[in-house]
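J.: One rule links them: number in this note's numbering = place in the sequence shown (from 1) + 18.
Heads up, the beta-carbon is just placed ideally off N, CA and C, and yes, glycines get one too.
Here's a structure for you.
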Amino acid sequence: MDEPSPVPNEEALRAEILRLNKIVKSLMNRAERAMSAGGNDFGLFQATVMLEDQVRERTSELEAALQENEKMNLDLQREKEEQRKLFRKLEDAQAQLMQSKKLAAIGQLAAGVAHEINNPIGFVNSNLGTLRKYSSGLLRLIAAYEEAESVPAADSEPKKSVETVKREIGIQYLRDDMLQLIQESIDGCSRVRRIVQDLLDFSRVGDTQWKNADLHDGLNSTLNLVWNELKSKADLVKEYGTIPLVECIPSQINQVFMNLLDNAAQAIPERGTITLRTGSEGEYVWVSVIDTGTGIPPEILPKIFDPFFTTKPLGKGMGLGLSVAFGIVDAHGGRIDVDTRIGEGTAFTVRLPIRRKAG
Ligand SMILES: Nc1ncnc2c1ncn2[C@@H]1O[C@H](COP(=O)(O)OP(=O)(O)O)[C@@H](O)[C@H]1O
Ligand SMILES: [Mg+2]
């Protein structure tokens, strides 16, 4: 913004006017006193009047300057108001931008979720169709067996019909495939459940009860939940220190552990180690989840906490894990630090205040 042209200092102007007024007054007083003292000093009187005129002139000049000054102040005021209006407009525009960004994010979320859910539901649905066919075949087979059971052993006719049904329904193939379909469908359903859970966590409904919790309990129970998926990838090393209870919302903190453990396992290409290390430091307790995985390239490091940022293929990640973790830890007054080396591994360290911070 341009600087306004220098404005005469208003206060100085007022002081000057006051001073001149005082001079006029004291001059007048002196003249009056001289007159009433009987002196006939017309010269002095004249000089006084002249001086007074000069002073009056100067005063009115100064008053004009003062008025000018006030006008300039008014202009400045108007300009300021104008700027404030512009600023407000800018703020509105910014808020709108944020809103549309949010909408875009929600749209992206909806599309991502639809994709993620569509795939497992698709095969669960087709599996159920096949299973219905298998089941009716099996029921036919059971009926044939019942028939065979109800007649004397010598009669071979019912036995033949059992053989026929077995052949017709392809009993050998059905046996193998049926269990596989059921397993696949169960996996598909748990994938859907997980997606829905991710979304719930993202919108953070659910438990919001603050408690004094032992984070080792939280780590262990979270491990119970995810161990089945981790054990094929990693050996687990626990290096628990001595830590005090931490005031937190345990279900949310467990969610953080779960997301970090998930990522750790997914970062390990073949087989590796996941180390859980804990300790306390002043007002804080820290928990590190350390993997011997791929590490994080520096160019993506600034983005890993962004919602929907993922480097994983469809079905593996929605890019919400770290953003949810960040949100939860931030709301607890804590922070997450990352230490990573390409080809060596990554350590995520969660630091939480032992006592809940006000506000
Ligand atoms: N332990 C880790 N090792 C290597 N990369 C990681 C690790 N944790 C997170 N990342 C990177 O950060 C990204 C975002 O993680 P996250 O928010 O959990 O989403 P998602 O796991 O669904 O991709 C991952 O796609 C991955 O590129
Ligand atoms: Mg993840």
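Are three or more beta carbon pairs between the segment 231-246 and the segment 270-286 nearer than 8 Å?
T.: These segments touch.
J.: Let me check one thing: in DSSP terms, what residues is W304 bridge-paired to?
T.: W304 pairs with G297, R369.
J.: Do K251 and R289 have their CB atoms nearer than 9 Å?
T.: It is a contact, given that the beta carbons lie within the stated cut-off.
J.: Residues with a Cβ closer than 7 Å to any heavy atom of ligand 2, in chain order?
T.: Spelled out in chain order, the answer is N277, D280, N281, Q284, G335, G339, L340.
J.: Start and end of the beta strand (DSSP E) containing N27?
T.: From DSSP, N27 is part of no beta strand (DSSP E); its letter is neither H nor E.
J.: Between which residues of its own chain and K192 is the CB-CB distance below 6 Å, once the five residues before and five after are set aside?
T.: One detail in the question is off: residue 192 reads as Leu in this sequence, not Lys. The residues are Y152.
J.: Take the Cβ of C207 as the centre, count every other Cβ of all protein chains shown within 10 Å, and call the residue buried at 16 or more, exposed below.
T.: The residue in question, C207, is exposed, as its Cβ has fewer than 16 Cβ neighbours within 10 Å.
J.: Quick one, are the C-beta atoms of L294 and I308 less than 9 Å apart?
T.: Cβ distance < 9 Å, so L294 and I308 count as in contact.
J.: Here's the rule: buried if 16 or more other CB atoms are within 10 angstroms of the residue's CB, otherwise exposed. What is F366?
T.: Buried is the call here.
J.: With hydrogens ignored, establish whether the beta-carbon of L357 is closer than 8 Å to any heavy atom of ligand 1.
T.: The question names Leu, but residue 357 is Asp in the sequence shown. No, the beta carbon of D357 sits no closer than 8 Å to any heavy atom of ligand 1.
J.: With R185 as the anchor, note down where its alpha helix (DSSP H) starts and where it stops.
T.: First-last of the alpha helix (DSSP H) with R185: 175-187.
J.: What is the C-beta distance between P325 and S341, in whole angstroms, given that I count them as a contact (C-beta under 8 Å)?
T.: Yes, they are in contact, since the Cβ atoms of P325 and S341 sit about 4 Å apart, within 8 Å.
J.: Can you list, in chain order, the residues of its chain whose CB lies under 7 Å from that of G363, leaving out five sequence neighbours each side?
T.: Within the same chain, G363 has close Cβ partners I308, D309, T310, G311, G313.
J.: Quick one: is the Cβ of D348 within less than 8 Å of any heavy atom of ligand 1?
T.: Result no, Cβ not under 8 Å from ligand 1.
J.: Quick one: what does DSSP say T148 is sitting in, helix, strand or coil?
T.: T148: helix per DSSP, three-state reduction.
J.: Would you report the Cα separation of R96 and K107, rounded to the nearest angstrom?
T.: Rounded to the nearest angstrom, the two C-alpha atoms are 17 Å apart.
J.: Buried or exposed for R369, please, with buried defined as at least 16 other CB atoms from any protein chain shown within 10 angstroms of its CB.
T.: Per the 10 Å Cβ criterion, buried.
J.: Measure how close the beta-carbons of L199 and A231 come, nearest whole angstrom, since I'm counting them as under 8 Å.
T.: Not a contact, Cβ separation roughly 41 Å.
J.: Use the C-beta contact count for P22: other C-beta atoms within 10 angstroms, 16 or more gives buried, fewer gives exposed.
T.: Any answer about P22 is weak, because its pLDDT of 45 lies below 50 and its placement is not dependable; what the coordinates show is given next. Looking at its Cβ environment, which holds fewer than 16 other Cβ atoms inside 10 Å, P22 is exposed.
J.: Examine ligand 1 and report whether any of its heavy atoms sits within less than 8 Å of the Cβ of F275.
T.: F275 Cβ: outside cutoff for every heavy atom of ligand 1.
J.: In the DSSP assignment, find the unbroken beta strand (DSSP E) run with V356 in it and report its ends.
T.: It spans 353-359 - the beta strand (DSSP E) in which V356 sits, taken as one unbroken run.
J.: DSSP on T226, reduced to helix/strand/coil?
T.: T226: coil per DSSP, three-state reduction.
J.: Helix, strand or coil, according to DSSP, for I139 in the structure here?
T.: In this structure, I139 counts as helix in the three-state DSSP scheme.
J.: If you reduce the DSSP assignment to three classes, tell me which class K89 lands in.
T.: Looking at K89 - three-state DSSP - the assignment turns out to be helix.
J.: Tell me whether I318, by its Cβ, gets closer than 8 Å to a heavy atom of ligand 1.
T.: At least one heavy atom of ligand 1 is nearer than 8 Å to the Cβ of I318, so yes.
J.: On the three-pair Cβ rule with 8 Å, is the segment 154-166 touching the segment 174-193?
T.: The segment 154-166 vs the segment 174-193: in contact.
J.: Would you check if the distance between the CB atom of I372 and the CB atom of E265 is smaller than 9 Å?
T.: Yes; because the gap between Cβ atoms is below 9 Å, this pair is in contact.
J.: What does a CB cutoff of less than 7 Å around T148 pick up in its chain, not counting 5 residues either side in sequence?
T.: If we look at T148 and ignore the five residues flanking it on each side, its Cβ neighbours are L199.
J.: Put K256 into one of helix, strand or coil per three-state DSSP.
T.: Residue state, collapsed to three classes: strand.
J.: With hydrogens ignored, establish whether the beta-carbon of I314 is closer than 8 Å to any heavy atom of ligand 1.
T.: Yes, ligand 1 has a heavy atom inside 8 Å of this Cβ.
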